[in-house]
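Chains as they are written, first to last, in our numbering: chain L, 1 to 356; chain Z, 1001 to 1412.
Below is one structure, written out as structure tokens; comments come after it.
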């Protein structure tokens, strides 16, 4: 009987220990479950952090691409190729043309970064990004740029239609969304709209005509008179960007000048085909730009026609350097340079009457 | 009784075994938990460092309005701690901007940041100045025949090299059918150009004290100064590796003893004009940080004969024969002076083999290295005896499609 009692006590104790152990095991098992979940979560956190970094450097890619594109397009005069703002008549690039060129060029540069990422050994095992199908510029608009230069020192760029980011390790996470970037300290549109407005009023030809007329009785050759007139044009361009201190500087390069046979300098096709490209996005790029373009398309009687016979044919490049900001480019920090090409047929001017 | 005791012992042993097994399981589980907690704690610290790095790179620098990621990328690419954003913004010192931010985050002497120059081959831009005296007829022929192809071969290998050859004034006819001038003798390519130095003389600031500018067909001291000031045809690219090459067999301005009836070198004479020209070249190269490599032409004119003192008919009369030979050592010294003062090197042609001159130029291009800091480095050296945490961030640079890597190391 005594033996049975001892055995019972031991069995009860054993069951008690078992119960206690099961309870504690259960507790521990619950903890390890959390631990497992935590470890899984940590992997996702790392991937999410890497995803955030990827989004960040892709946005930076867009900034660099837009900056490089702005330098290239401005150097071309507003489009993807050499752009004549005067092809005898004023033919400045429209806002749509400029925005299209800037967007397309930015997209090309951005996708080069995406390709570079694919080819980069440091990145290929960790993340992949698909190319962007569209880069759209939102310019500050004519009102901001003409009325108040201070509010026209930046523009926005958006990359859409692609750019799916996939982080592969330690956990797989994906993100698909647009990139937005503010391109600051870049007066691309300030110079463009001012030049556009100036060209709309055919100011280059007016300044040349006035200058040639003022030199009417001078002893210089006609070529010298025209060069003096071109110097006056440069002065005029610096005046339209007048500020304190003066940041925009003008230089010119006469590619061709001929007073004996003016046509010889104009015997090439400087007219661009009508702009009919489709934007990769639906809405217009900038508020007001269409209206602005339409106004310009109807010059009315503003174009100054040559008075009488032609006295000189000139092929001219005017270089406007905005030294206010240096822009990061592949060639280092560069000021923005807008080049304006002009093929001009300068007409004979009536001399001013001599004051008595 | 005995049986009951055995039974109790049996149960007891069983109970001890079960408890032992349970304790073992718990021990390992707790051990595993310990490790997990340790890993979690380290993870937290790493995440803290990682989050700190992210926040730093996402920050905007107040003066320029640029993100720190952009500034790090620019500084690493340009090999310069200070970036100039133009007169309106001014200079931004990237090292200082990183220092105060990372000091505030991790504490002084507890971090290190390194961003390497990206893995790209820099462009190489060369301005060459060729002595245009008649003894250089051999060189003009060789450069005309070989140089454009040499440059193209580099381009085909993916190294963008451009060269502009400036020929000093002269234009003498050579007995090999060439002239010492650019016109109609050089195939212009997008990568190779030939110009008379007089074309750029007005745009360079190398007027001597007398206001004489480039004085003679051998004035390669003022010539290289002018070429450096005016730059190559495509203009200097601030990010390229820039080289100056001088090819001559005489002293700058000429080896003649001016004012002395004797033709030939005048050992011991004070070549004041020559020294002045040399120093103009050195000064300009030092100012622009462009190394000058000199190639000393061997002292003969007629490529059919190799001994010194041979000559061919040039223009209306014979060229002086002894001049180049007599001055060889002094010319070598001048070339050494120019090269050593600017970080370049000297080469002497040692044969009349068709490829010797271009071989030397090839060597110069192959050896071209950028004069720049290889890394952007900020913070204290990484200690070897401490537990460190390293965060890696991809940083794009302004060359389309190119990234570098910033490594931030933190320790307690």
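We treat Cβ as the ideally placed atom computed from N, Cα and C, and that holds for glycine.
If you're wondering where the values come from, they're calculated on a predicted model, not measured in any experiment.
query = Can you find a C-beta in chain L that's less than 8 Å from the C-beta of residue 1160 of chain Z?
reply = Counting from one through the second chain, the residue named residue 1160 of chain Z turns up at place 160. Cβ-Cβ to chain L under 8 Å: no for residue 1160 of chain Z.
ask   = Within this structure, are the beta carbons of residue 324 of chain L and residue 247 of chain L separated by less than 8 Å?
value = Along the first chain, one-based indexing puts residue 324 of chain L at 324. Along the first chain, one-based indexing puts residue 247 of chain L at 247. Going by C-beta atoms, residue 324 of chain L is nearer than 8 Å to residue 247 of chain L.
Per-residue DSSP class, three states only, for residue 1199 of chain Z = For the purposes of this step, residue 1199 of chain Z is identified with residue 199 of the second chain, where counting begins at 1. It is helical.
request  = Using a Cβ-Cβ cut-off of 8 Å, state whether residue 61 of chain L counts as contacting chain Z.
outcome  = Residue 61 of chain L sits at position 61 when you count from the first residue of the first chain. By this cut-off, residue 61 of chain L is an interface position.
query = So residue 190 of chain L packs on residue 145 of chain L, CB below 8 Å; how close in whole Å?
reply = Locating residue 190 of chain L in the first chain gives position 190, counting from the first residue. Locating residue 145 of chain L in the first chain gives position 145, counting from the first residue. Between residue 145 of chain L and residue 190 of chain L the Cβ distance is about 5 Å, and since that is below 8 Å, they are a contact.
message = If you follow the beta strand (DSSP E) that residue 157 of chain L is in, where does it begin and where does it stop?
response = What you label residue 157 of chain L is simply residue 157 of the first chain in a count that begins at 1. First-last of the beta strand (DSSP E) with residue 157 of chain L: 155 to 162.
inquiry  = Quick check on the DSSP output: the beta strand (DSSP E) that includes residue 1389 of chain Z runs from which residue to which?
reply    = Counting from one through the second chain, the residue named residue 1389 of chain Z turns up at place 389. Taken as a continuous stretch (DSSP letters only), the beta strand (DSSP E) holding residue 1389 of chain Z covers 1388 to 1396.
task = With 8 Å as the threshold, decide whether the Cβ of residue 350 of chain L is near any Cβ in chain Z.
result = Along the first chain, one-based indexing puts residue 350 of chain L at 350. Residue 350 of chain L does not count as touching chain Z.
message = Using a Cβ-Cβ cutoff of less than 7 Å, which residues in the same chain neighbour residue 1277 of chain Z once the five nearest sequence positions on both sides are dropped?
response = Counting from 1 along the second chain, the entry for residue 1277 of chain Z is found at position 277. Only 1219, 1221, 1222, 1252, 1253 meet the Cβ criterion.
task = Kindly give me the distance between the Cβ atoms of residue 1158 of chain Z and residue 1121 of chain Z, rounded to whole angstroms, as I take these residues to be in contact under 8 Å.
result = Your numbering for residue 1158 of chain Z matches position 158 in the second chain. Your numbering for residue 1121 of chain Z matches position 121 in the second chain. Between residue 1121 of chain Z and residue 1158 of chain Z the Cβ distance is about 7 Å, and since that is below 8 Å, they are a contact.
ask   = Using a beta-carbon distance cut-off of less than 8 Å, what residues from the region 251 to 270 of chain L approach chain Z?
value = none
query = How many whole angstroms separate the CB atoms of residue 171 of chain L and residue 43 of chain L, which I take to be in contact at a CB cut-off of 8 Å?
reply = Position 171 of the first chain, counting from 1, holds the residue named residue 171 of chain L. Position 43 of the first chain, counting from 1, holds the residue named residue 43 of chain L. Yes, residue 171 of chain L and residue 43 of chain L are in contact; Cβ-Cβ is about 4 Å, under 8 Å.
task = Output the distance between the C-alpha atoms of residue 1389 of chain Z and residue 1052 of chain Z, rounded to the nearest integer angstrom.
result = The residue given as residue 1389 of chain Z occupies position 389 in the second chain. The residue given as residue 1052 of chain Z occupies position 52 in the second chain. Their backbone Cα atoms lie some 12 Å apart in a straight line.
key: Own chain, CB closer than 6 Å to residue 1074 of chain Z, minus 5 neighbours either side, in chain order   = As a working mapping, residue 1074 of chain Z is identified with position 74 in the second chain. Answer for residue 1074 of chain Z: 1083, listed in chain order.
inquiry  = Using CA atoms only, rank isn't needed, just tell me which of Z:1172, Z:1201, Z:1202, Z:1181 is closest to residue 1193 of chain Z.
reply    = As a working mapping, residue 1193 of chain Z is identified with position 193 in the second chain. The shortest Cα separation from residue 1193 of chain Z among Z:1172, Z:1201, Z:1202, Z:1181 belongs to Z:1181.
message = Can you check which of these residues, L:310, L:281, L:130, L:80, is closest to residue 158 of chain L by C-alpha distance?
response = Position 158 of the first chain, counting from 1, holds the residue named residue 158 of chain L. Selected option, being the one with the closest Cα: L:281.
inquiry  = Distance cutoff 8 Å, beta carbons only. Does residue 1028 of chain Z sit that close to anything in chain L?
reply    = The sequence position of residue 1028 of chain Z within the second chain is 28, counting from 1. No, residue 1028 of chain Z lies away from the interface with chain L (no Cβ there is under 8 Å from its Cβ).
request  = Mind listing the chain Z neighbours of residue 68 of chain L? Cutoff is C-beta to C-beta under 8 Å, in chain order.
outcome  = For the purposes of this step, residue 68 of chain L is taken as residue 68 along the first chain, with counting starting at 1. Those are 1398, 1400, listed as they occur along chain Z.
message = Restricting to Cα atoms, I'd like to know which of L:102, L:205, L:181, L:149 is closest to residue 316 of chain L.
response = Stepping through the first chain from its first residue, residue 316 of chain L is reached at position 316. When only C-alpha atoms are compared, the closest one is L:205.
request  = Taking residue 1216 of chain Z as the reference, give the member of Z:1406, Z:1229, Z:1250 with the closest Cα.
outcome  = Locating residue 1216 of chain Z in the second chain gives position 216, counting from the first residue. Answer by Cα proximity: Z:1250.
Chain Z residues whose Cβ lies nearer than 9 Å to that of residue 52 of chain L = Taking the first residue of the first chain as 1, we reach residue 52 of chain L at position 52. Simply 1054, 1058.
query = Quick one: Cα of residue 116 of chain L to Cα of residue 78 of chain L, how far?
reply = Start at 1 with the first residue of the first chain, and residue 116 of chain L comes out as number 116. Start at 1 with the first residue of the first chain, and residue 78 of chain L comes out as number 78. Computed Cα separation, rounded: 27 Å.
ask   = Given residue 164 of chain L, which residues of its chain have a CB within under 8 Å of its CB, disregarding the five upstream and five downstream residues?
value = Walking along the first chain from the start, residue 164 of chain L turns up at place 164. Correct list, in chain order: 129, 130, 174, 175, 176.
request  = Using DSSP bridges, identify the partner residues of residue 1247 of chain Z.
outcome  = To locate residue 1247 of chain Z, count along the second chain from 1; it is residue 247. Z:1130, Z:1295, per the DSSP bridge assignment.
request  = Say whether chain L places a C-beta atom closer than 8 Å to the C-beta of residue 1193 of chain Z.
outcome  = For the purposes of this step, residue 1193 of chain Z is taken as the residue at position 193 of the second chain. By this cut-off, residue 1193 of chain Z is not an interface position.
key: Pair within 8 Å by beta-carbon distance, residue 1408 of chain Z and residue 1111 of chain Z   = On the second chain, residue 1408 of chain Z is found 408 positions in, with the first residue counted as 1. On the second chain, residue 1111 of chain Z is found 111 positions in, with the first residue counted as 1. Yes, these two residues count as a Cβ contact at 8 Å.
ask   = Buried or exposed: which applies to residue 363 of chain L, given that a residue is buried once 16 or more other Cβ atoms fall within 10 Å of its Cβ?
value = As displayed, chain L neither begins before 1 nor continues past 356, which places residue 363 of chain L out of reach and without an answer.
Residues that DSSP places opposite residue 394 of chain L in a beta bridge = One cannot answer for residue 394 of chain L here, as it falls past the ends of chain L, which runs 1 to 356.
message = Buried or exposed, going by whether 16 or more other CB atoms sit within 10 Å of the CB of residue 73 of chain L?
response = Along the first chain, read from residue 1 onward, the residue named residue 73 of chain L stands at position 73. The residue is buried, with at least 16 neighbouring Cβ atoms inside 10 Å.
query = If residue 1148 of chain Z sits next to residue 1173 of chain Z, beta carbons under 8 Å apart, how far is it from one beta carbon to the other, in whole angstroms?
reply = Walking along the second chain from the start, residue 1148 of chain Z turns up at place 148. Walking along the second chain from the start, residue 1173 of chain Z turns up at place 173. That belief does not hold up - the Cβ atoms of residue 1148 of chain Z and residue 1173 of chain Z are roughly 22 Å apart, past 8 Å.
message = Using a Cβ-Cβ distance cut-off of 8 Å, determine whether residue 1015 of chain Z contacts chain L.
response = As a position in the second chain, residue 1015 of chain Z is number 15, starting the count at 1. It does; some Cβ of chain L falls within 8 Å.
message = What does the alpha-carbon distance come out to for the pair residue 1140 of chain Z and residue 1153 of chain Z?
response = Residue mapping note: residue 1140 of chain Z aligns to position 140 of the second chain, counting from 1. Residue mapping note: residue 1153 of chain Z aligns to position 153 of the second chain, counting from 1. Going from the Cα of residue 1140 of chain Z to the Cα of residue 1153 of chain Z covers about 20 Å.
query = Mind checking if residue 10 of chain L is an interface residue toward chain Z, Cβ cutoff 8 Å exclusive?
reply = For this step, residue 10 of chain L is matched to residue 10 along the first chain. With 8 Å as the cut-off, residue 10 of chain L counts as an interface residue toward chain Z.
request  = Please list the partners that residue 331 of chain L has in chain Z, where partner means a Cβ-to-Cβ separation under 7 Å.
outcome  = Residue numbering aside, residue 331 of chain L sits at position 331 when the first chain is read from its first letter. Those within 7 Å of residue 331 of chain L in chain Z are 1237, 1238, 1239.
request  = State the start and end residues of the unbroken beta strand (DSSP E) segment that holds residue 1271 of chain Z.
outcome  = Within the second chain, residue 1271 of chain Z is the residue found at index 271, counting from 1. Residue 1271 of chain Z -> no beta strand (DSSP E), and no H or E assigned at all.
ask   = Do you know how far the Cα of residue 1093 of chain Z is from the Cα of residue 1375 of chain Z?
value = As a first step, residue 1375 of chain Z must be located in the second chain, where it is residue number 375. As a first step, residue 1093 of chain Z must be located in the second chain, where it is residue number 93. Taking the straight line from one Cα to the other gives about 15 Å.
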